[in-house]
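Q:
There are 2 protein chains.
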Amino acid sequence: MKIPPVKGTRDFYPPEMAVRNFIIDGWKAASLRNGFEEYDGPIFEYLKMYQVKSGDEIVEQLFSLTDRGGRELAIRPEITPTLARMVNQQINSLARPIKWFSVPRLCRAERPQKGRLREFFQWNVDIIGVDDVPADAEVIFCAVDYFRQVGLTSEDIVVKISSREMLAAVLRVIGVADDQLERLYVVLDKRNKVPADAFEAMLEEVLSDESQRSKVIDLMAVKSIGQISELLKLSDAAQKAVDKLERLFDLLETMQIADYCAFDMTIVRGLAYYTGIVFEIYDKAGELRAIGGGGRYDNLLNQFGGPSIPATGFGIGDCVLGLVLAEKGLLEGRLAGCVTDYFVVCADERFFSRTIEVTARLRRAGFAAGFSYKKAKLGKQLKQTSAQRAKECIIIGQEFSDKNQLVVKDMTTGEQRVVDYEEFFAGL
Amino acid sequence: MKIPPVKGTRDFYPPEMAVRNFIIDGWKAASLRNGFEEYDGPIFEYLKMYQVKSGDEIVEQLFSLTDRGGRELAIRPEITPTLARMVNQQINSLARPIKWFSVPRLCRAERPQKGRLREFFQWNVDIIGVDDVPADAEVIFCAVDYFRQVGLTSEDIVVKISSREMLAAVLRVIGVADDQLERLYVVLDKRNKVPADAFEAMLEEVLSDESQRSKVIDLMAVKSIGQISELLKLSDAAQKAVDKLERLFDLLETMQIADYCAFDMTIVRGLAYYTGIVFEIYDKAGELRAIGGGGRYDNLLNQFGGPSIPATGFGIGDCVLGLVLAEKGLLEGRLAGCVTDYFVVCADERFFSRTIEVTARLRRAGFAAGFSYKKAKLGKQLKQTSAQRAKECIIIGQEFSDKNQLVVKDMTTGEQRVVDYEEFFAGL
Numbered sequence: 288m289k290i291p292p293v294k295g296t297r298d299f300y301p302p303e304m305a306v307r308n309f310i311i312d313g314w315k316a317a318s319l320r321n322g323f324e325e326y327d328g329p330i331f332e333y334l335k336m337y338q339v340k341s342g343d344e345i346v347e348q349l350f351s352l353t354d355r356g357g358r359e360l361a362i363r364p365e366i367t368p369t370l371a372r373m374v375n376q377q378i379n380s381l382a383r384p385i386k387w388f389s390v391p392r393l394c395r396a397e398r399p400q401k402g403r404l405r406e407f408f409q410w411n412v413d414i415i416g417v418d419d420v421p422a423d424a425e426v427i428f429c430a431v432d433y434f435r436q437v438g439l440t441s442e443d444i445v446v447k448i449s450s451r452e453m454l455a456a457v458l459r460v461i462g463v464a465d466d467q468l469e470r471l472y473v474v475l476d477k478r479n480k481v482p483a484d485a486f487e488a489m490l491e492e493v494l495s496d497e498s499q500r501s502k503v504i505d506l507m508a509v510k511s512i513g514q515i516s517e518l519l520k521l522s523d524a525a526q527k528a529v530d531k532l533e534r535l536f537d538l539l540e541t542m543q544i545a546d547y548c549a550f551d552m553t554i555v556r557g558l559a560y561y562t563g564i565v566f567e568i569y570d571k572a573g574e575l576r577a578i579g580g581g582g583r584y585d586n587l588l589n590q591f592g593g594p595s596i597p598a599t600g601f602g603i604g605d606c607v608l609g610l611v612l613a614e615k616g617l618l619e620g621r622l623a624g625c626v627t628d629y630f631v632v633c634a635d636e637r638f639f640s641r642t643i644e645v646t647a648r649l650r651r652a653g654f655a656a657g658f659s660y661k662k663a664k665l666g667k668q669l670k671q672t673s674a675q676r677a678k679e680c681i682i683i684g685q686e687f688s689d690k691n692q693l694v695v696k697d698m699t700t701g702e703q704r705v706v707d708y709e710e711f712f713a714g715l
Numbered sequence: 288m289k290i291p292p293v294k295g296t297r298d299f300y301p302p303e304m305a306v307r308n309f310i311i312d313g314w315k316a317a318s319l320r321n322g323f324e325e326y327d328g329p330i331f332e333y334l335k336m337y338q339v340k341s342g343d344e345i346v347e348q349l350f351s352l353t354d355r356g357g358r359e360l361a362i363r364p365e366i367t368p369t370l371a372r373m374v375n376q377q378i379n380s381l382a383r384p385i386k387w388f389s390v391p392r393l394c395r396a397e398r399p400q401k402g403r404l405r406e407f408f409q410w411n412v413d414i415i416g417v418d419d420v421p422a423d424a425e426v427i428f429c430a431v432d433y434f435r436q437v438g439l440t441s442e443d444i445v446v447k448i449s450s451r452e453m454l455a456a457v458l459r460v461i462g463v464a465d466d467q468l469e470r471l472y473v474v475l476d477k478r479n480k481v482p483a484d485a486f487e488a489m490l491e492e493v494l495s496d497e498s499q500r501s502k503v504i505d506l507m508a509v510k511s512i513g514q515i516s517e518l519l520k521l522s523d524a525a526q527k528a529v530d531k532l533e534r535l536f537d538l539l540e541t542m543q544i545a546d547y548c549a550f551d552m553t554i555v556r557g558l559a560y561y562t563g564i565v566f567e568i569y570d571k572a573g574e575l576r577a578i579g580g581g582g583r584y585d586n587l588l589n590q591f592g593g594p595s596i597p598a599t600g601f602g603i604g605d606c607v608l609g610l611v612l613a614e615k616g617l618l619e620g621r622l623a624g625c626v627t628d629y630f631v632v633c634a635d636e637r638f639f640s641r642t643i644e645v646t647a648r649l650r651r652a653g654f655a656a657g658f659s660y661k662k663a664k665l666g667k668q669l670k671q672t673s674a675q676r677a678k679e680c681i682i683i684g685q686e687f688s689d690k691n692q693l694v695v696k697d698m699t700t701g702e703q704r705v706v707d708y709e710e711f712f713a714g715l
């Protein structure tokens, strides 16, 4: 019986696994350097966990299941609800600020396409317990720190930043009612993702007032923070939110990552739970969907039954990022292959057991050692040694049988030496 | 709204995550040292993938789901079927022997208890394309190599070894029909897991002939390979299988891991697909269920629509192993904590932005650097520096403002030096 893989999933053969490990190892290193500790949760949670605040798009894309006890579960489509649950559970014992990261495997039943799969890995970085702009700056810095370390420059990547707090305040100035905001965010989030006429049609469904719609369209066309106050007379709340955004950009300058960052009025985010600064990360070539995104979500812990605690963070997936890294040639020569310290060559079938003995002893001593299962000719085994890029080759032949000596060949210089068996191991 | 975690799953807070990383990093290192390459598959596959050859117990414990396209899927309860599918898909391009490892997250709807959870990680190591005993010896060596490296000695751990090929041949000598074998394996696997009378009742259900039953009971009480031929006159097939087992033990001796290994007639394995040598790994204290197990499965690739290719491997879970490591005190002092190279202390609120500047610059230079969000007193921040076990502390104070100088304190010696800002970074 031949069973295919499920559409939208990936098989990680060793070459693809090496790419995944390269990406994830880089994420982990950047997280630790920036002072974040690793956590993880279960692969599934109660279904209702994702029906609270994730937004309609995510709810539609859930892989849900009912277990034998009748519990309604779902494979996690994101880890933020789990983070909120975990922090709430230990809220009294966790030292703040909580600076955590995770690299969960997530599943969403999306239509598979370039850079979008039904199963992917997502780097999540969050700071919980700091309500001030430096925390937003620090998570953005952490993402950029990764990009820079991996060789993606400000020519390749842009972090587009705005603020939902500012947007809400400005929309209120325009006259949009509070209960329209959440639906409006979903529409505004689509502004750069659908044609202009489709966007305007969606907008009309939420805002019946034409003058409001026209102001919103003008607002979304703003190119700098300064232009907002040129367009409208700001309320105190709007001015405060604008000031915060400006302070954020000052900090990004201080951190010397301003070249990676740009204000972008159209950044709103699809998820329902954002409350303040929001951002999305794109490759500048601009052919692909977002590499990642994040922002401030000050109410989420409270909505999951905990206290009111401010929080900010981001998620970056491995699919689009992997495409960008490959396109820019940044994977070449950087993937960890199979490292072999010693390849043990069996010069004659009679010595097969001794070959295994030496290989096992090398491994016990902590070295990566290989040998050939096939009783191949010496020349063929030496080729195998080169193919495995072994540093040294140990030949088990007549010298071993007669005088307990190993023939050790340096695969770089080609030099060969004869060493006593015990002396060799004593010298390792 | 407060939502609990799902029963039988785990939340990995940073301390639990450190244990998980310690275990998995050790598995990966042992795998690479032994010449295995990493692979992985999707978290779910088509449901029927597990209905083919996994055995009834696994099928009952599946977390199955139907996606929106009506596909019947299941979260993977094991990775071997995925391995078979992946190898079959690229059978003509993969160089043999295929030596692969993986550390999949697996889910089984078992009744949660000590060392048994509904979600766990399992180290899988397999050799595909070698039909000879050295491959079985090599996978067993790889497991023991991990145990030894992590500090679990032959006083702590035993690998109990038998052979289904031998068992089948001997059962045929006793007169058991071929079509009874598979059901009989399931019963024999329970021999040490249920009381003697329950075992005999189960046996009676499969074998109606009392004299056969009594011979099977005698056979299962055998304590050494030699005793088998004392009990019964072996067929050629049985003798061949016994010889193979003896060759395996010779090789384990050659590899110097015989002290970890013991013949055990009662090892049969629950999974349906094993065909030759089988083994289970236990802690010698014997309070816990198996740490892991494995064996030869020469027909599985063929059963999944591929060619006939021999294969052997094992799986070791993280739950029981974690309990054993904790019991033996082998986790103490070995878990990677949050490493901080530099903690940047802000001596006065006016310098907060400069504190962030220096922290960001350290991180850009590849160092793990921390700072305090709270505008705390100098003494409190120094305490925080100690708490984070930072190697050095950098104080941003008046010297920085006046003369562009950093005060750098070595947290081990307590020594303090004043360095020019640019000189400090040039010297890193």
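Chains A and B, in that order, give the protein sequences. Note that this note's numbering has the first sequence beginning at 288, numbered continuously upward. Note that this note's numbering has the second sequence beginning at 288, numbered continuously upward. Backbone N, C-alpha and C define an ideal beta-carbon position, used for all residues, glycine too.
Can you tell me the Cα-Cα spacing of A/Arg621 and A/Lys678, whole angstroms?
A: As a working mapping, residue 621 of chain A is identified with position 334 in the first sequence. As a working mapping, residue 678 of chain A is identified with position 391 in the first sequence. Cα-Cα distance, rounded: 18 Å.
Q: Thinking C-alpha only, which one of B/Phe638, B/Lys690, B/Ala652, B/Ala656 is nearest B/Leu665?
A: Translated into positions along the second sequence, residue 665 of chain B becomes position 378. Among B/Phe638, B/Lys690, B/Ala652, B/Ala656, the Cα nearest to that of B/Leu665 is on B/Phe638.
Q: Could you check whether the Cβ of A/Ala396 sits closer than 8 Å to any Cβ belonging to chain B?
A: Taking the first residue of the first sequence as 1, we reach residue 396 of chain A at position 109. Yes, because at least one Cβ of chain B sits closer than 8 Å to the Cβ of A/Ala396.
Q: Just to confirm before moving on: does the CB-CB distance between A/Ile554 and A/Ser449 stay below 8 Å?
A: In the first sequence, counting from the first residue as 1, residue 554 of chain A sits at position 267. In the first sequence, counting from the first residue as 1, residue 449 of chain A sits at position 162. Yes.
Q: Find the nearest neighbour of A/Ala647 within the set B/Asp605, B/Leu532, B/Ala430, B/Leu519, judged by alpha-carbon distance.
A: Numbered from its first residue, the first sequence carries residue 647 of chain A at position 360. Nearest C-alpha to A/Ala647: B/Ala430.
Q: Since A/Gln590 meets chain D, which of its residues come closer than 9 Å, beta carbon to beta carbon?
A: Here the protein chains are A and B, and chain D is not one of them.
Q: Measure the alpha-carbon distance for A/Cys625 versus B/Pro329 and round it to whole angstroms.
A: For the purposes of this step, residue 625 of chain A is taken as the residue at position 338 of the first sequence. For the purposes of this step, residue 329 of chain B is taken as the residue at position 42 of the second sequence. Rounded to the nearest angstrom, the two C-alpha atoms are 23 Å apart.
Q: May I have the straight-line CA-CA distance separating B/Ser380 from B/Cys548, to the nearest angstrom?
A: As a position in the second sequence, residue 380 of chain B is number 93, starting the count at 1. As a position in the second sequence, residue 548 of chain B is number 261, starting the count at 1. Distance between the alpha carbons of B/Ser380 and B/Cys548 is about 36 Å.
Q: Please state if the CB of B/Arg676 and the CB of B/Gly582 are separated by a distance shorter than 8 Å.
A: Here residue 582 of chain B refers to the residue found at position 295 when the second sequence is read from its first residue. Here residue 676 of chain B refers to the residue found at position 389 when the second sequence is read from its first residue. Not a contact, by the Cβ cut-off of 8 Å.
Q: Ignore the nearest five residues each way along the sequence and tell me which others in B/Asp354's own chain have a CB closer than 8 Å to its CB.
A: The residue labelled residue 354 of chain B in the question sits at position 67 within the second sequence. For B/Asp354, where only same-chain residues beyond five positions count, the Cβ hits under 8 Å are Leu360.
Q: For the alpha helix (DSSP H) containing B/Ala674, name the first residue and the last one.
A: For the purposes of this step, residue 674 of chain B is taken as residue 387 along the second sequence, with counting starting at 1. It spans 665-674 - the alpha helix (DSSP H) in which B/Ala674 sits, taken as one unbroken run.
Q: Since B/Leu532 contacts B/Ile568 with CB under 8 Å, what's their CB separation in whole angstroms?
A: Here residue 532 of chain B corresponds to residue number 245 of the second sequence, with the count starting at 1. Here residue 568 of chain B corresponds to residue number 281 of the second sequence, with the count starting at 1. B/Leu532 to B/Ile568, Cβ: 17 Å. No contact.
Q: Between which two residues does the alpha helix (DSSP H) holding A/Arg470 run?
A: Taking the first sequence and counting its residues from 1, one reaches residue 470 of chain A at position 183. Per DSSP, A/Arg470 belongs to the alpha helix (DSSP H) from 468-476.
Q: Could you check the C-alpha separation between B/Glu695 and A/Lys527 for me, to the nearest Å?
A: Indexing the second sequence from 1 puts residue 695 of chain B at position 408. Indexing the first sequence from 1 puts residue 527 of chain A at position 240. Reading the sequence as shown, one finds Val at residue 695 of chain B and not Glu. One C-alpha to the other measures close to 38 Å.
Q: Within 10 angstroms of the Cβ of A/Arg641, are there 16 or more other Cβ atoms? Answer buried if so, exposed if not.
A: By one-based count along the first sequence, residue 641 of chain A stands at place 354. Buried: at least 16 other Cβ atoms inside 10 Å.
Q: B/Thr599 by DSSP, collapsed to three states: which one?
A: Within the second sequence, residue 599 of chain B is the residue found at index 312, counting from 1. Three-state DSSP puts B/Thr599 in a strand.
Q: When Cβ atoms are compared, which residues of the segment 321-333 of chain A fall closer than 9 Å to chain B?
A: Flagged, chain order: Asn321, Gly322, Phe323, Glu324, Glu325, Tyr326, Asp327, Gly328, Pro329, Ile330, Phe331, Glu332, Tyr333.
Q: So, for B/Met720: in the same chain, excluding its five sequence neighbours on each side, which residues have a beta-carbon less than 7 Å away from its beta-carbon?
A: Outside the displayed span of chain B (288 to 715) sits residue 720 of chain B, for which this structure offers no information.
Q: Provide the residue span of the alpha helix (DSSP H) that contains B/Phe630, from first to last.
A: For the purposes of this step, residue 630 of chain B is taken as residue 343 along the second sequence, with counting starting at 1. Segment 629-633 is the beta strand (DSSP E) holding B/Phe630; no alpha helix (DSSP H) there.
Q: Going by DSSP in three states, B/Arg403 sits in which element: helix, strand or coil?
A: Along the second sequence, read from residue 1 onward, the residue named residue 403 of chain B stands at position 116. B/Arg403: strand per DSSP, three-state reduction.
Q: Just reading off the beta strand (DSSP E) that B/Gln692 is part of, what are its end residues?
A: Position 405 of the second sequence, counted from the first residue, corresponds to residue 692 of chain B. Run containing B/Gln692: 692-697, per the beta strand (DSSP E) assignment.
Q: Roughly how many angstroms lie between the CA atoms of B/Ile427 and B/Pro594, to the nearest whole one?
A: As a working note, residue 427 of chain B is residue 140 in the second sequence. As a working note, residue 594 of chain B is residue 307 in the second sequence. The straight-line gap from Cα to Cα measures roughly 25 Å.
Q: Please name the residue, chosen from B/Thr296, B/Arg534, B/Asp419, that lies closest to B/Thr562 on a Cα-to-Cα basis.
A: The residue given as residue 562 of chain B occupies position 275 in the second sequence. Per the Cα distances, B/Asp419.
Q: Do A/Arg651 and B/Arg372 have their C-beta atoms closer together than 8 Å?
A: For the purposes of this step, residue 651 of chain A is taken as the residue at position 364 of the first sequence. For the purposes of this step, residue 372 of chain B is taken as the residue at position 85 of the second sequence. Not in contact: A/Arg651 and B/Arg372 (Cβ atoms no closer than 8 Å).
Q: Can you tell me which of A/Tyr660, A/Glu614, A/Ile444, A/Val460 puts its alpha carbon nearest to the alpha carbon of A/Phe718?
A: Outside the shown range of chain A (288 to 715) lies residue 718 of chain A, about which nothing can therefore be said.
Q: I think B/Gly580 touches B/Phe601, with their Cβ atoms under 8 Å apart; what is that distance to the nearest whole Å?
A: The residue you call residue 580 of chain B lines up with position 293 of the second sequence. The residue you call residue 601 of chain B lines up with position 314 of the second sequence. About 6 Å separates the two Cβ atoms, so the contact holds.
Q: Quick one: is A/Gly402 buried, meaning 16 or more other Cβ sit within 10 Å of its Cβ, or exposed?
A: Sequence index remark: in the first sequence, residue 402 of chain A carries index 115 (1-based). Buried, by the Cβ-count rule.
Q: Any C-beta of chain B within less than 9 Å: which residues of the segment 624-642 of chain A qualify?
A: Hits within the stretch, in order: Gly624, Cys625, Val626, Thr627, Asp628, Phe639, Ser640, Arg641.
Q: Mind pulling the chain B residues with CB within less than 7 Å of A/Ala598?
A: Counting from 1 along the first sequence, the entry for residue 598 of chain A is found at position 311. Per Cβ cutoff of 7 Å: no residues; A/Ala598 is ~13 Å from chain B at best.
Q: With a threshold of 8 Å between beta-carbons, can A/Tyr560 be considered close to chain B, or not?
A: Residue numbering aside, residue 560 of chain A sits at position 273 when the first sequence is read from its first letter. Judged by the 8 Å Cβ criterion, A/Tyr560 is not in contact with chain B.
Q: From what residue to what residue does the beta strand (DSSP E) around B/Gly609 run?
A: In the second sequence, the residue the question calls residue 609 of chain B occupies position 322. Per DSSP, B/Gly609 belongs to no beta strand (DSSP E); it is in the alpha helix (DSSP H), 605-614.
Q: Hey, A/Gly609 and A/Val390 are a contact pair by Cβ (cut 8 Å); roughly how many whole angstroms apart?
A: Along the first sequence, one-based indexing puts residue 609 of chain A at 322. Along the first sequence, one-based indexing puts residue 390 of chain A at 103. 14 Å between Cβ atoms; not a contact.
Q: Would B/Gln377 pass as an interface residue toward chain A - the criterion being a Cβ-Cβ separation below 8 Å?
A: Your numbering for residue 377 of chain B matches position 90 in the second sequence. Chain A, which has a Cβ nearer than 8 Å to the Cβ of B/Gln377, makes this yes.
Q: Assuming B/Arg320 contacts A/Gly653 (C-beta within less than 8 Å), just tell me the rounded distance between them.
A: For the purposes of this step, residue 320 of chain B is taken as residue 33 along the second sequence, with counting starting at 1. For the purposes of this step, residue 653 of chain A is taken as residue 366 along the first sequence, with counting starting at 1. Indeed they touch by this definition, with Cβ atoms about 7 Å apart.
Q: Could you work out which residues of chain A lie near B/Gln543, taking near to mean beta carbons separated by less than 9 Å?
A: In the second sequence, counting from the first residue as 1, residue 543 of chain B sits at position 256. Those within 9 Å of B/Gln543 in chain A are Glu644, Ala647, Arg648, Arg651.
Q: Would you say A/Met336 reaches chain B, if we count a Cβ-Cβ gap shorter than 8 Å as a contact?
A: For the purposes of this step, residue 336 of chain A is identified with residue 49 of the first sequence, where counting begins at 1. Yes, because at least one Cβ of chain B sits closer than 8 Å to the Cβ of A/Met336.
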